[in-house]
Amino acid sequence: CQEADISTTVEEREEQQAAAEEAAHLKAIAEEDRLAEVARVQAELSRRNAIEHTDNECTVCFEEFAASKRHAFSCSEKHWVCGDCLVELVKIKMESQLPSC
887 CQEADISTTV
897 EEREEQQAAA
907 EEAAHLKAIA
917 EEDRLAEVAR
927 VQAELSRRNA
937 IEHTDNECTV
947 CFEEFAASKR
957 HAFSCSEKHW
967 VCGDCLVELV
977 KIKMESQLPS
987 C
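Residue numbers for the sequence shown follow my numbering, beginning at 887 and rising by one.
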């Protein structure tokens, strides 16, 4: 083995393989959790968007604000946003579409 420059034993290779399999399994679990969270957030956004024109809640920060301080955003859904979020969205050059659209 030394002449062939094989530096790992069978046991070490088995341990490495087991560690790699465990890492792949944990990565798959993390991805499943991430996808579940994305689905949960999208469902919540859809629920809130369905009622957004009947309440005074910002589509971005979900904070309540006075009806006189709401601004229609120029995306296809005509979402309402508060003035603070509108300013921030303009700063980051998202004038045409909200992150939730």
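For every residue, glycine included, the Cβ atom is placed at its ideal position computed from N, Cα and C. Bear in mind the structure is a predicted one, so any value in this text is a computation, not a measurement.
Stretch-stretch touch, CB-based, cutoff 8 Å, three pairs: the segment 944-957 with the segment 969-980: yes
According to DSSP, which residues form a beta bridge with V946? V946 is not bridged to any residue.
By the DSSP assignment, the alpha helix (DSSP H) with K955 in it spans what residues? It is not in any alpha helix (DSSP H) - K955 carries neither H nor E in the DSSP assignment.
Per DSSP, which one or two residues make a beta bridge with C968? R956
Please report the distance separating the alpha-carbon of A909 from that of R926. 26 Å
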